[in-house]
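Take a look at the structure set out below.
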Amino acid sequence: MKEGKAHHEYNYFGVERTNIGGQTALSPGKHEIKYEFIIDAPKPGSGGKCALYVDGQQVATGHIPKTQPFAFSADEGADVGFDNETMVSNDYKPGENKFTGKIIKVTIETKPSNLSAADKKAVEDAQEMAAVIED
Amino acid sequence: MQAQHALTPDKPFFVYFALGAVHSPHHVPKEYIDRYKGRFDQGWDALREEIFTRQKQMGVIPAYAQLTKRPSEIPSWDSQTPEQKKIEARQMETFAGFAEHTDEQIGRLVDALREMGVFDNTLFIYILGDNGASAEGGPEGAYNELMALNGIVSTAEINVPHLDHWGDPSTYPHYAIGWAWAGATPFQWTKQIASHYGGTTDRTIIHWPARIKGKGEIRSQFTYVTDIAPTVLEAAVLPFPESVNGTVQRPFDGTSMIYTFDNPKAKETHTTQYFEMFGNRGIYHDGWIACTRHSIPWLMTPLPPLNKDVWELYTTWLRISAKLTTWLPKILRS
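Just so you know, the protein sequences line up as chains R and G, in that order. Residue numbers are given in our numbering: position 36 of the first sequence equals residue 44, and the series is strictly consecutive. Residue numbers are given in our numbering: position 133 of the second sequence equals residue 142, and the series is strictly consecutive.
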């Protein structure tokens with residue numbers, strides 16, 4: 009949440025950032041915030057369309073030119089409600105970014121990737137490499 | 010340590026102090042990087058020669074040792090542009106600062122042991138490195154090494170904007186392959202190339218004044234990381250645990266190193282060791298090393314089938330390390 013508005017940032021290796029955000033601050037109370045990413049092509053690293061919805065209404069949309077093809081990190085986990093270790097966004101600081109509201113439920117929905125067999129193998133190889141490198 | 014020792018002063022304590030250093034990312038406060046300003050402007054080719062010379066002076070390697078040439082897959086320092094050199098020098102300054110900062114923290118551990126009055130009777134095993142120096146930063150190093158993990162090679166264009174804050178939390182840096190090759194001196198290759206010592210060896214210091222009579226001595230018996238647990242148990246006069254919580258234990262793969270403490274020329278007890286990573290494989294046996302490099306970490310070229318790899322054979326006890334061609338293939342096959 010940025011100044012009370014739903015906000016999304018995609019950080020591409022710290023080299024490129026895509027930001028989209030709603031225009032109106034959320035009223036106090038219960039809300040449903042949805043983030044959607046629709047990849048352009050079934051290929052690792054492909055860019056895609058991103059959109060934010062609040063209570064079913066689209067509030068922001070944008071396009072991410074390219075995505076990290078295989079991994080965000082070999083040792084950092086995914087956080088909900090705060091951002092630990094390395095930051096996604098420079099908008100907030102480490103240790104000072106905890107969500108002040110209440111998160112009731114998070115649902116992650118994925119669709120089949122439709123990657124080619126070669127790309128699937130590339131993903132597996134990269135995962136194995138990440139596991140080895142962090143030794 | 011102090012609490013443990015205060016509660017049970019008659020019992021030994023064991024500490025395994027595992028640091029991230031000097032594995033990437035190379036993060037360290039700027040003042041440590043500044044201490045090395047300009048120290049690596051000569052580049053990795055010269056640095057490898059310098060390290061080799063120092064190692065001879067220290068007696069860590071024999072005076073007659075000859076340095077291997079830089080493999081063609083690693084660029085020369087001279088081939089780097091001034092812009093590349095500037096950022097690459099900073100990468101190595103950062104790495105050195107990182108190592109020094111780490112060493113200072115080890116120093117705090119030593120100071121605490123001294124204050125407790127137990128330092129002289131502490132078996133202190135100090136190993137610092139990353140499985141041999143890591144060539145996972147790419148040919149020009151990386152401001153964010155995750156890019157390398159994602160198959161993207163970082164170049165000066167990506168790295169140079171981060172020159173001034175290299176090593177701070179806004180970077181996730183790693184150094185250029187050439188530095189890893191220099192850091193692996195006197196050995197060939199780098200981390201991941203487990204066939205060669207550059208991919209498997211880190212320096213080790215063992216300090217225990219109450220037990221080791223010599224000072225600043227070198228030991229050359231083959232040892233491996235699996236020797237540490239047996240060493241610790243022998244030092245603590247503890248038997249090998251045959252069963253732990255009901256599970257019967259398989260024997261140690263290594264042997265205790267304590268036999269070398271009083272006897273520099275003792276016959277080595279760890280006589281066989283196998284190494285492998287990504288098809289790079291080798292075996293040490295009774296002073297011989299047979300190895301074959303199958304792949305190179307930073308080159309995504311199609312790999313030959315494993316049975317087509319070319320094997321190298323070395324001895325550690327004859328004054329020749331060139332590949333012998335006549336009667337050695339028989340030894341190799343055996």
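All C-beta atoms, glycine included, are put in the ideal place defined by N, C-alpha and C.
Checklist entry - For G:I214, does the three-state DSSP call read helix, strand or coil? => result Position 205 of the second sequence, counted from the start, is the residue given in the question as residue 214 of chain G. Residue state, collapsed to three classes: strand.
Checklist entry - If G:P182 and G:A142 are in contact, beta carbons under 8 Å, what's the gap, nearest whole angstrom? => result For the purposes of this step, residue 182 of chain G is identified with residue 173 of the second sequence, where counting begins at 1. For the purposes of this step, residue 142 of chain G is identified with residue 133 of the second sequence, where counting begins at 1. That belief does not hold up - the Cβ atoms of G:P182 and G:A142 are roughly 15 Å apart, past 8 Å.
Checklist entry - Among the residues of its own chain, which have a CB less than 8 Å from the CB of R:T32, if the five just before and after it don't count? => result Position 24 of the first sequence, counting from 1, holds the residue named residue 32 of chain R. Here the set comprises K13, V67.
Next on the checklist: Once DSSP output is grouped into helix, strand and coil, what is the label at G:I136?
Outcome noted: Mapped onto the second sequence, residue 136 of chain G falls at position 127. It is a strand residue.
Item to check | C-beta neighbour in chain R for G:N272, strict 8 Å | outcome: By one-based count along the second sequence, residue 272 of chain G stands at place 263. No, its Cβ sits nowhere closer than 8 Å to a Cβ of chain R.
Checklist entry - Shorter than 8 Å from the beta carbon of G:P153 to some beta carbon of chain R? => result Along the second sequence, read from residue 1 onward, the residue named residue 153 of chain G stands at position 144. Reading off the sequence shown, one finds Asn at residue 153 of chain G, where the question assumed Pro. Chain R contact via Cβ: present.
Item to check | Minimum length 4: unbroken alpha helix (DSSP H) runs contained in the region 19-45 of chain R | outcome: none
Item to check | Residues of its chain near R:V114, where Cβ-Cβ distance is below 7 Å and the 5 sequence neighbours each way are ignored | outcome: Here residue 114 of chain R corresponds to residue number 106 of the first sequence, with the count starting at 1. Cβ within range, chain order: V88.
Next on the checklist: Only counting the same chain, and skipping five residues up and downstream in sequence, which positions put a Cβ closer than 7 Å to that of G:E82?
Outcome noted: Here the question's residue 82 of chain G lines up with position 73 in the second sequence. Excluding positions up to five away in sequence, the list reads I305, L308.
Next on the checklist: Just to confirm my understanding: we take G:I60, look at its own chain, exclude 5 residues before and 5 after, and list those with CB closer than 7 Å. What are they?
Outcome noted: Here residue 60 of chain G is taken as the residue at index 51 of the second sequence, counted from 1. Hits under 7 Å: A191, T194.
Next on the checklist: Once the 5 residues before and after G:G288 are set aside, which same chain residues still bring their CB inside 8 Å of it?
Outcome noted: Start at 1 with the first residue of the second sequence, and residue 288 of chain G comes out as number 279. Its chain contains H303, S304, L312, L315, D318 as the residues whose beta carbon lies nearer than 8 Å to that of G:G288, once the 5 sequence neighbours on both sides are disregarded; these appear in chain order.
Checklist entry - G:R290 lies in the beta strand (DSSP E); which residues open and close that run? => result As a first step, residue 290 of chain G is located in the second sequence; it is residue number 281 there, counting from the start. Following the DSSP letters along the chain, one finds G:R290 inside the beta strand (DSSP E) bounded by residues 289-294.
Checklist entry - Taking only runs of the beta strand (DSSP E) that begin and end inside the region 103-154 of chain G, which ones reach a length of at least 3 residues, in chain order? => result 133-137
Checklist entry - Of the residues R:I116, R:K110, R:D83, R:F90, which one's Cα is nearest the Cα of R:E104? => result Counted from its first residue, the first sequence places residue 104 of chain R at position 96. Selected option, being the one with the closest Cα: R:F90.
Item to check | R:K18 to R:R25 span [Cα, whole Å] | outcome: Walking along the first sequence from the start, residue 18 of chain R turns up at place 10. Walking along the first sequence from the start, residue 25 of chain R turns up at place 17. Reading off the sequence shown, one finds Tyr at residue 18 of chain R, where the question assumed Lys. Using only the alpha carbons, I get a separation of about 6 Å.
Item to check | Sequence-distant residues of the same chain with beta carbon closer than 7 Å to G:T278, five excluded per side | outcome: Within the second sequence, the letter at position 269 stands for residue 278 of chain G. Within the same chain, G:T278 has close Cβ partners T264, Y268.
Checklist entry - With DSSP run on the structure shown, which of helix, strand or coil describes G:M10? => result For the purposes of this step, residue 10 of chain G is taken as residue 1 along the second sequence, with counting starting at 1. In the three-state reduction of the DSSP assignment, G:M10 falls in the coil class.
Next on the checklist: Between G:T301, G:Q282, G:T281, which has its C-alpha nearest G:R290's C-alpha?
Outcome noted: Here residue 290 of chain G is taken as the residue at index 281 of the second sequence, counted from 1. The residue with the shortest Cα to Cα distance from G:R290 is G:T301.
Checklist entry - Nearest to G:Q230 by alpha carbon, out of G:V127, G:H174, G:Y293? => result Position 221 of the second sequence, counting from 1, holds the residue named residue 230 of chain G. Of the candidates G:V127, G:H174, G:Y293, the one whose C-alpha sits nearest the C-alpha of G:Q230 is G:Y293.
Checklist entry - Since R:F78 meets chain G, which of its residues come closer than 8 Å, beta carbon to beta carbon? => result For the purposes of this step, residue 78 of chain R is taken as the residue at position 70 of the first sequence. Those within 8 Å of R:F78 in chain G are L158, N159, G160.
Next on the checklist: Give me, in chain order, the residues of the same chain whose beta-carbon lies closer than 6 Å to that of G:H216; leave out the 5 immediate sequence neighbours on both sides.
Outcome noted: Counting from one through the second sequence, the residue named residue 216 of chain G turns up at place 207. Once the five neighbours on either side are set aside, the close Cβ partners of G:H216 are F133.
Checklist entry - Using the beta-carbon of each residue, which ones in chain G are nearer than 7 Å to R:P94? => result Position 86 of the first sequence, counted from the start, is the residue given in the question as residue 94 of chain R. A small fix is needed here, since residue 94 of chain R is Thr in this sequence, not Pro. Going along chain G in sequence order, the residues near R:T94 (Cβ under 7 Å) are Y181.
Item to check | Residue of R:V140, R:V131, R:H15, R:E11 minimising C-alpha distance to R:I76 | outcome: For the purposes of this step, residue 76 of chain R is taken as residue 68 along the first sequence, with counting starting at 1. Here residue 76 of chain R turns out to be Gln, not Ile, going by the sequence shown. Residue R:V131 is the option with its Cα nearest to R:Q76.
Item to check | Sequence ranges, alpha helix (DSSP H) only - wholly within the region 232-277 of chain G, length at least 4 | outcome: 237-244
Item to check | According to DSSP, residues forming a beta bridge with G:E92 | outcome: In the second sequence, counting from the first residue as 1, residue 92 of chain G sits at position 83. The secondary-structure analysis by DSSP pairs G:E92 with nothing; it has no beta-bridge partner.
Item to check | Boundaries of the alpha helix (DSSP H) in which G:G187 is found, first to last residue | outcome: Reading the second sequence from its first residue, position 178 is the one you call residue 187 of chain G. Its alpha helix (DSSP H) spans residues 186-192.
Next on the checklist: Assuming contact is defined by CB atoms lying nearer than 8 Å, are G:Y41 and G:E109 in contact in what I supplied?
Outcome noted: To locate residue 41 of chain G, count along the second sequence from 1; it is residue 32. To locate residue 109 of chain G, count along the second sequence from 1; it is residue 100. Contact flag set, yes.
Checklist entry - Does the Cβ-Cβ distance between G:L155 and R:F45 come in under 8 Å? => result Sequence index remark: in the second sequence, residue 155 of chain G carries index 146 (1-based). Sequence index remark: in the first sequence, residue 45 of chain R carries index 37 (1-based). No. Outside cutoff.
Checklist entry - Counting contacts by CB-CB distance shorter than 8 Å, is R:F107 in contact with chain G? => result Along the first sequence, one-based indexing puts residue 107 of chain R at 99. So, not an interface residue.
Next on the checklist: Using a Cβ-Cβ distance cut-off of 8 Å, determine whether R:N27 contacts chain G.
Outcome noted: As a first step, residue 27 of chain R must be located in the first sequence, where it is residue number 19. By this cut-off, R:N27 is not an interface position.
Checklist entry - List, in order along the chain, the chain R residues whose C-beta lies closer than 9 Å to that of G:I167? => result If you number the second sequence from 1, residue 167 of chain G lands on position 158. Those within 9 Å of G:I167 in chain R are F21, V23.
Checklist entry - What does a CB cutoff of less than 6 Å around G:Q197 pick up in its chain, not counting 5 residues either side in sequence? => result As a working mapping, residue 197 of chain G is identified with position 188 in the second sequence. Cβ neighbours of G:Q197 beyond the five flanking positions: T77, H205, G207.
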